[in-house]
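Visitor: Residue numbers (our numbering), protein chains in the order written: chain A, 50 to 679; chain B, 162 to 363; chain C, 335 to 533. Even glycine gets a Cβ: it sits at the ideal position worked out from N, Cα and C. Computed from a predicted model, the values in this text were never measured in an experiment.
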Amino acid sequence: MVDAARHPKIDVRTFTNVERVEGYVGNFKVQLREKARHVLADRCNGCGECSKVCPIEVPNYFEMNLAPRKAAYVAMSQSVPLRYTIDENACIHCYKCVDACGALEAIDFSQEDKLIWEDIGSIVVATGFNHFDPSVIPEYGYSRYPNVITAMEMERLNNSAGPTTGNLIRPSDQKNPQRLAIINCVGSRDKRFNPWCSNFCCMYAIKNAVLLKQMNPTLEISIYYMDIRTPSKGYEEFYDRARGMGIRFIQGRPSLITEDPQTKNLFIHSEDITLGKISELEYDMVMLNQAAVPQPDVDSVSSVLNITQSPGGWFMEYHPKLRPVDSPTDGIFLAGACQGLKDIPSSVSSGLATASRAGRILHSDEWEIEPIIAQVWEDRCVMADGKICGVCARACPYGAIIIEEGKAASVTVAKCHGCGGCVAECPHNAITQMHFTDAQVFSQMRALLAENPQEKIFAFRCHWCSYGGADLAGTSHFDYSANERGIRVMCSARMDPDFIYEAFRLGAGAVLYSGCHPQDCHYITGQKVGATRADRLQKLFEKLEMTPGRFRIEWISAAEGDKYSRVINEMQKVIDAIPHEQLMTEIERLKPEMEKRARRMYETPGMDKAVTYSDAMVKAINTKEVKNGA
Amino acid sequence: MAEQKPEDELRIGVYICHCGSNIAGVIDPAEVAEWATHLPGVVRATDTLYACADSGQTLIKEDIKKYNLNRVVVSACSVRMHETTFRAAVAEAGLNPFLMEMANIREQCTWAHGHDKEGALKKAKDLTASAIAKARFLNPLTMIKVPVTKRAMVIGGGVAGISAALDLADQGIETILVEKEPTIGGVMAQLNKTFPTMDCSI
Amino acid sequence: MEHEKGSTLRDTLIALPGCEKVDMCFSCGTCVSRCPIQQKIEPAYNPRRLLKMIALNMQADSFSSITPYLCSACDLCFEACPQEIHISAILNGVKKLALEAGFSTPLNIAKVDNLTCVGCGFCEKVCPYQAITLKETNVPLRGKNLLIAEVDSGKCMACGACSAICRSNSIELQAREHSEEVIETMWSWLETTEMSAEK
Numbered sequence: 050m051v052d053a054a055r056h057p058k059i060d061v062r063t064f065t066n067v068e069r070v071e072g073y074v075g076n077f078k079v080q081l082r083e084k085a086r087h088v089l090a091d092r093c094n095g096c097g098e099c100s101k102v103c104p105i106e107v108p109n110y111f112e113m114n115l116a117p118r119k120a121a122y123v124a125m126s127q128s129v130p131l132r133y134t135i136d137e138n139a140c141i142h143c144y145k146c147v148d149a150c151g152a153l154e155a156i157d158f159s160q161e162d163k164l165i166w167e168d169i170g171s172i173v174v175a176t177g178f179n180h181f182d183p184s185v186i187p188e189y190g191y192s193r194y195p196n197v198i199t200a201m202e203m204e205r206l207n208n209s210a211g212p213t214t215g216n217l218i219r220p221s222d223q224k225n226p227q228r229l230a231i232i233n234c235v236g237s238r239d240k241r242f243n244p245w246c247s248n249f250c251c252m253y254a255i256k257n258a259v260l261l262k263q264m265n266p267t268l269e270i271s272i273y274y275m276d277i278r279t280p281s282k283g284y285e286e287f288y289d290r291a292r293g294m295g296i297r298f299i300q301g302r303p304s305l306i307t308e309d310p311q312t313k314n315l316f317i318h319s320e321d322i323t324l325g326k327i328s329e330l331e332y333d334m335v336m337l338n339q340a341a342v343p344q345p346d347v348d349s350v351s352s353v354l355n356i357t358q359s360p361g362g363w364f365m366e367y368h369p370k371l372r373p374v375d376s377p378t379d380g381i382f383l384a385g386a387c388q389g390l391k392d393i394p395s396s397v398s399s400g401l402a403t404a405s406r407a408g409r410i411l412h413s414d415e416w417e418i419e420p421i422i423a424q425v426w427e428d429r430c431v432m433a434d435g436k437i438c439g440v441c442a443r444a445c446p447y448g449a450i451i452i453e454e455g456k457a458a459s460v461t462v463a464k465c466h467g468c469g470g471c472v473a474e475c476p477h478n479a480i481t482q483m484h485f486t487d488a489q490v491f492s493q494m495r496a497l498l499a500e501n502p503q504e505k506i507f508a509f510r511c512h513w514c515s516y517g518g519a520d521l522a523g524t525s526h527f528d529y530s531a532n533e534r535g536i537r538v539m540c541s542a543r544m545d546p547d548f549i550y551e552a553f554r555l556g557a558g559a560v561l562y563s564g565c566h567p568q569d570c571h572y573i574t575g576q577k578v579g580a581t582r583a584d585r586l587q588k589l590f591e592k593l594e595m596t597p598g599r600f601r602i603e604w605i606s607a608a609e610g611d612k613y614s615r616v617i618n619e620m621q622k623v624i625d626a627i628p629h630e631q632l633m634t635e636i637e638r639l640k641p642e643m644e645k646r647a648r649r650m651y652e653t654p655g656m657d658k659a660v661t662y663s664d665a666m667v668k669a670i671n672t673k674e675v676k677n678g679a
Numbered sequence: 162m163a164e165q166k167p168e169d170e171l172r173i174g175v176y177i178c179h180c181g182s183n184i185a186g187v188i189d190p191a192e193v194a195e196w197a198t199h200l201p202g203v204v205r206a207t208d209t210l211y212a213c214a215d216s217g218q219t220l221i222k223e224d225i226k227k228y229n230l231n232r233v234v235v236s237a238c239s240v241r242m243h244e245t246t247f248r249a250a251v252a253e254a255g256l257n258p259f260l261m262e263m264a265n266i267r268e269q270c271t272w273a274h275g276h277d278k279e280g281a282l283k284k285a286k287d288l289t290a291s292a293i294a295k296a297r298f299l300n301p302l303t304m305i306k307v308p309v310t311k312r313a314m315v316i317g318g319g320v321a322g323i324s325a326a327l328d329l330a331d332q333g334i335e336t337i338l339v340e341k342e343p344t345i346g347g348v349m350a351q352l353n354k355t356f357p358t359m360d361c362s363i
Numbered sequence: 335m336e337h338e339k340g341s342t343l344r345d346t347l348i349a350l351p352g353c354e355k356v357d358m359c360f361s362c363g364t365c366v367s368r369c370p371i372q373q374k375i376e377p378a379y380n381p382r383r384l385l386k387m388i389a390l391n392m393q394a395d396s397f398s399s400i401t402p403y404l405c406s407a408c409d410l411c412f413e414a415c416p417q418e419i420h421i422s423a424i425l426n427g428v429k430k431l432a433l434e435a436g437f438s439t440p441l442n443i444a445k446v447d448n449l450t451c452v453g454c455g456f457c458e459k460v461c462p463y464q465a466i467t468l469k470e471t472n473v474p475l476r477g478k479n480l481l482i483a484e485v486d487s488g489k490c491m492a493c494g495a496c497s498a499i500c501r502s503n504s505i506e507l508q509a510r511e512h513s514e515e516v517i518e519t520m521w522s523w524l525e526t527t528e529m530s531a532e533k
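(1) Run down chain A in chain order and give the residues with a C-beta less than 7 Å from the C-beta of Gly363 (chain C).
(2) In this structure, does DSSP put Trp196 (chain B) in helix, strand or coil?
(3) Am I right that Thr401 (chain C) and Asn426 (chain C) are in contact with their C-beta atoms under 8 Å? What's the rounded C-beta distance?
(4) In whole angstroms, what is the alpha-carbon distance linking Gly369 (chain B) and Gln218 (chain B)?
(5) Which bits of chain A does Ala326 (chain B) rub up against, with CB to CB less than 7 Å?
(6) Does Pro546 (chain A) get closer than 8 Å to chain B when you measure Cβ to Cβ?
(7) My parser needs the alpha helix (DSSP H) runs of 4 or more residues fully inside the region 290-332 of chain B; what are they?
(8) Apart from the five residues just before and just after Asn231 (chain B), which ones in its own chain have a Cβ nearer than 6 Å to its Cβ?
(9) In three-state DSSP terms, what is Cys565 (chain A)?
(10) What are the residues that DSSP puts in a beta bridge with Asn479 (chain C)?
(11) Check whether chain A comes within 8 Å of Glu376 (chain C), counting only Cβ atoms and requiring the distance to be less than that.
(12) In whole angstroms, what is the alpha-carbon distance linking Phe25 (chain A) and Ser398 (chain A)?
(13) Put Asn243 (chain A) into one of helix, strand or coil per three-state DSSP.
(14) Counting Cβ pairs closer than 8 Å, one from the region 299-315 of chain A and one from the region 253-268 of chain A, do we hit at least three?
(15) Can you tell me where the beta strand (DSSP E) with Glu223 (chain B) in it begins and where it stops?
(16) Between which residues of its own chain and Glu268 (chain B) is the CB-CB distance below 7 Å, once the five residues before and five after are set aside?
(17) Report yes if the C-beta distance between Ile231 (chain A) and Met365 (chain A) is below 8 Å; otherwise report no.
(18) Looking at chain B, is there any beta carbon in it that lies within less than 8 Å of the beta carbon of Met620 (chain A)?
(19) If you draw a straight line from the C-alpha of Gly346 (chain B) to the C-alpha of Ile337 (chain B), how long is it?
(20) I need the straight-line Cα distance from Gln621 (chain A) to Ser530 (chain A), nearest angstrom please.
(21) Given Gly322 (chain B), which residues of its chain have a CB within under 6 Å of its CB, disregarding the five upstream and five downstream residues?
(22) So that I know if they touch, is there some Cβ in chain A lying closer than 8 Å to that of Asn231 (chain B)?
(23) Can you list the beta strand (DSSP E) stretches of 3 or more residues lying completely in the region 244-296 of chain B, in chain order?
(24) I'd like to know if the region 545-552 of chain A and the region 512-523 of chain A are in contact, where contact means that at least 3 CB-CB pairs between them fall below 8 Å.
(25) Residues of chain B with a CB under 8 Å from the CB of Met666 (chain A): which are they?
(26) If contact means a Cβ-Cβ distance below 7 Å, which residues of the region 273-296 of chain A contact chain C?
(27) Hey, does Gln339 (chain A) have any beta-carbon neighbour from chain B nearer than 8 Å?
(28) Mind pulling the chain E residues with CB within less than 9 Å of Arg312 (chain B)?
(29) Quick one: does Gln464 (chain C) have its CB under 8 Å from some CB of chain A?
(30) Would Ser239 (chain B) count as contacting chain A if we go by Cβ distances under 8 Å?
(31) What are the boundary residues of the alpha helix (DSSP H) that Met336 (chain A) is part of?
(32) Apply the 10 Å Cβ neighbour rule to Ile437 (chain A) and answer buried if 16 or more other Cβ atoms are within range, or exposed otherwise.
(33) Is it a yes or a no for the region 632-640 of chain A touching the region 579-587 of chain A, going by three-plus beta-carbon pairs under 8 Å?
(34) Between the beta-carbon of Cys411 (chain C) and the beta-carbon of Cys365 (chain C), is there less than 8 Å?
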């Protein structure tokens, strides 16, 4: 901690929130909100005179609210930086602190939150985790029984820097307990609350037991556990050491804690599963080893940084094995427990790993990004003819398109992120996207729908989420109908209405329009552009009396493999439920309308060649099949 | 303008990966390869045990020269897995990396349709044909080079954030460490001793 | 102990409604220590062990176990189960399969004397387990057919409520020994626990 504050290259900004992140790898712009401390950081010397005279006491979050702090406070004596803060919500404005500060003049009540923009090349996200509140588990009685405490409360109660200077006492009568129970997996491995294993709690229980036993060898300690997980180096040996010290390990998850109202002693009801016997044992004090959960503000952090979440609320890595500290966004990395629970050694390792990953970028003078940007066909843009348009500029989440009267729209290369929203939105098909041109997508669709198109479920998926979701469905072996045929574009914003019309014109049985959830979008508002369009298409198909379910909109994240598989299987059922004749009649009935609507796509450059090539491709596929079938 | 592809004869090479039994356990890659030889523009189609392995990459690189290929299609795993690998491989053989296209016949085919081998085979063929069709219209592109601001930001001042910040700073990179609370340290600072060595947390 | 091949028990059971999560049990013992029956009525009652036997396809052991027959479906264990396993549904499923397989209930369940039953239906009303229904016979009575009580052996828990209420002494039920004492103990136990205090 102190090393970080002293390092000449590190600028520590405490009491500061991240408000907005813009830009891209190598060129991020981050807006910080420096909250008002009402203390001038450069003048405060940490003497603490202000705190001494402050008349207000409130619970100290750092001591798990077991001890008070003043309204003028530092959380702990080793605070880094050692600068006092005046708690706006608690302060009564008596200004005694101002007098106590005297000539230093470090206190400034006129201070307000400051918004600061910083230019940043690479970002490491290390927002950590939070503690589960066990008061929602009624059978353990936390918050009703004074002598049932959490692990973090125990941590402060046996800490020499804590409120009792390390003397473990029971809250009910301030006596030293003689019989202590530790219950593991409180809110973890419990589908009612959090299904996951919180990773470090087994070791954590053993650590506290060993520590307490060392301080007071007569203290009887029992640990209730379901499984003891000690997979890292030296951990099993540590578990051995605890057993050797006489700490009791009882296998079986307690189902109930009751309290003796007189003595405030506690009874733990459990089945000792190794003996197959019910036990009801009396203790002076119980420590609940609570689960670790995501930070409460995880949703807002993910939307500020555009990072997807895995189930449960942990930030999603690019690849679980091969790129475990990369976020899906180039230049943003994930360290520590925010990506998934880690103990201290693993958190340090992942922190160091991100430094290496970010270092690759930050030591380079230039960084390469994929050239899948938008380009305008100037001769097709109506702005060049003096007409009013600008649809493309409105669709762009980055303000990368410049519109000037009398001139064709133009794309600022450095600002374009390649979502393709403008390409699909342009009513005159005057924009194309490199690597995802109309001709390319059209040729792919023709190949995929060459035979028996009425049997096919045609899925448009965005690269970052739904394509990842389809990958995860496969990785997890969630079987789904093999009639699915997918096309990947970068964002649902690129899913041109022409593509959907074309898919139905080609006779697809069903079409899936899928992308990320709105808060996960890799292109800020790309998903919104796609979603608005999809809703419009849905209404149109309703008007055209298409069988409901043949066109489906679903937002599927890269973590939702099960959902991808379920959606495809449901769509298969929709197709199966329509009698063949009826489906073919419907496809034929809608064909002219679809053809009319998709016609503009055929006018774009390169489409003539795409049609010729696709005809040859379809012919090759079909004749070859005949040969195989014979 | 976008349409700048070379007008010379189209020569596509197609590689169907076995991925051990991951793909070959469900479908026959050789059958897909044989089938692909009949598609327009394909001059070379073959199966390979592991396309991503050295041997697979060497095969592709040698074929590019031997058959004078100007497009490469790899039917294997997800683009999220190996697109960079194969782009690099074709680039080493002198082909523009954007003239390589992948078909995902593992995650999105054999792994998801193990119950329906016939369906999986049809789908693998279609996905390969689709990648060939896209490859036909691929254009050579060059990566865009952007400048790099040599400053890092670490969000969160717990043990992971502090480690990252110290290491970045030791590399000589100016680093901003942002923490929402008045002190850095996170959960670790609240702990007594830490396992398994029982040393002090701060 | 036997390990039967063919995995019939687990496969059959998992297809029954409510029994889908039978594999999810990780033997934490919460259900057993939460159960009032295990502690106050029958020490051999152990749903955790039964779930393990199902997972190992120990069919004969499972079917002859007393556990499925004693469960009163109070679902205290379901509320407390960290794996959200509907244990009473599984016990009920095992009981159903056991009876179908020709195993008979070890409980002294209610037996109706068809000759004396007048079909008043009081027993149907008091049965807490919906184990009694009135069945129409072909004996005419006042312009209708006579109804008589019928006991579903799978549902009857041998509590004796029907026998106590029957006005024609048509239900024979040899209740378990000390049943009144047991019921009283159960009530007092329930009252001392936190859960009942809260309710």
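Guide: Here's the rundown:
(1) The residue given as residue 363 (chain C) occupies position 29 in the third sequence. Within 7 Å Cβ-Cβ: Gly301, Arg302, Ser319, Glu320, Ile322.
(2) Start at 1 with the first residue of the second sequence, and residue 196 (chain B) comes out as number 35. Three-state DSSP puts Trp196 (chain B) in a helix.
(3) Walking along the third sequence from the start, residue 401 (chain C) turns up at place 67. Walking along the third sequence from the start, residue 426 (chain C) turns up at place 92. That belief does not hold up - the Cβ atoms of Thr401 (chain C) and Asn426 (chain C) are roughly 11 Å apart, past 8 Å.
(4) Lying outside 162 to 363, the shown extent of chain B, residue 369 (chain B) is not represented and no answer is given.
(5) Locating residue 326 (chain B) in the second sequence gives position 165, where the first residue counts as 1. Near Ala326 (chain B) (Cβ distances below 7 Å), the residues of chain A are Ala53, Ile59.
(6) Mapped onto the first sequence, residue 546 (chain A) falls at position 497. No, Pro546 (chain A) does not count as interfacial toward chain B.
(7) 320-331
(8) Stepping through the second sequence from its first residue, residue 231 (chain B) is reached at position 70. Within the same chain, Asn231 (chain B) has close Cβ partners Arg172.
(9) Here residue 565 (chain A) refers to the residue found at position 516 of the first sequence. Reduced to three states, the DSSP call for Cys565 (chain A) is coil.
(10) The residue given as residue 479 (chain C) occupies position 145 in the third sequence. DSSP lists C:Pro474 as the bridge partner or partners of Asn479 (chain C).
(11) Taking the first residue of the third sequence as position 1, residue 376 (chain C) is located at position 42. Closer than 8 Å: no.
(12) Nothing in the structure corresponds to residue 25 (chain A), since chain A is present only between 50 and 679.
(13) As a working note, residue 243 (chain A) is residue 194 in the first sequence. Reduced to three states, the DSSP call for Asn243 (chain A) is strand.
(14) no
(15) Position 62 of the second sequence, counted from the first residue, corresponds to residue 223 (chain B). For Glu223 (chain B), there is no enclosing beta strand (DSSP E); the enclosing alpha helix (DSSP H) has its first and last residue at 215-227.
(16) As a working note, residue 268 (chain B) is residue 107 in the second sequence. So the qualifying residues of the chain are Cys238, Ser239.
(17) Taking the first sequence and counting its residues from 1, one reaches residue 231 (chain A) at position 182. Taking the first sequence and counting its residues from 1, one reaches residue 365 (chain A) at position 316. Taking 8 Å as the Cβ cut-off, Ile231 (chain A) and Met365 (chain A) do not qualify as a contacting pair.
(18) Numbered from 1 along the first sequence, position 571 holds the residue referred to as residue 620 (chain A). Cβ-Cβ to chain B under 8 Å: no for Met620 (chain A).
(19) Along the second sequence, read from residue 1 onward, the residue named residue 346 (chain B) stands at position 185. Along the second sequence, read from residue 1 onward, the residue named residue 337 (chain B) stands at position 176. Their Cα atoms are separated by approximately 15 Å.
(20) Start at 1 with the first residue of the first sequence, and residue 621 (chain A) comes out as number 572. Start at 1 with the first residue of the first sequence, and residue 530 (chain A) comes out as number 481. Each residue's Cα considered, the two are about 7 Å apart.
(21) Numbered from 1 along the second sequence, position 161 holds the residue referred to as residue 322 (chain B). Here the set comprises Val315.
(22) Residue 231 (chain B) sits at position 70 when you count from the first residue of the second sequence. Output row for Asn231 (chain B): interface = no.
(23) Listed in chain order, they are 261-265.
(24) no
(25) Walking along the first sequence from the start, residue 666 (chain A) turns up at place 617. Near Met666 (chain A) (Cβ distances below 8 Å), the residues of chain B are Leu200, Pro201, Ala290, Ile293, Ala294.
(26) Met275
(27) Taking the first sequence and counting its residues from 1, one reaches residue 339 (chain A) at position 290. Interface annotation, Gln339 (chain A): not in contact with chain B, CB-CB separation never under 8 Å.
(28) Looking at the structure shown, chain E is missing, and the protein chains on hand are A, B and C.
(29) Your numbering for residue 464 (chain C) matches position 130 in the third sequence. False, the Cβ-Cβ gap to chain A never drops below 8 Å.
(30) To locate residue 239 (chain B), count along the second sequence from 1; it is residue 78. Yes - at least one Cβ of chain A is within 8 Å of the one on Ser239 (chain B).
(31) Translated into the one-based positions of the first sequence, residue 336 (chain A) becomes position 287. Under the DSSP assignment, Met336 (chain A) falls outside any alpha helix (DSSP H), being part of the beta strand (DSSP E) whose first and last residues are 334-339.
(32) Here residue 437 (chain A) refers to the residue found at position 388 when the first sequence is read from its first residue. The residue in question, Ile437 (chain A), is exposed, as its Cβ has fewer than 16 Cβ neighbours within 10 Å.
(33) no
(34) For this step, residue 411 (chain C) is matched to residue 77 along the third sequence. For this step, residue 365 (chain C) is matched to residue 31 along the third sequence. Result yes, Cβ atoms of Cys411 (chain C) and Cys365 (chain C) sit closer than 8 Å.
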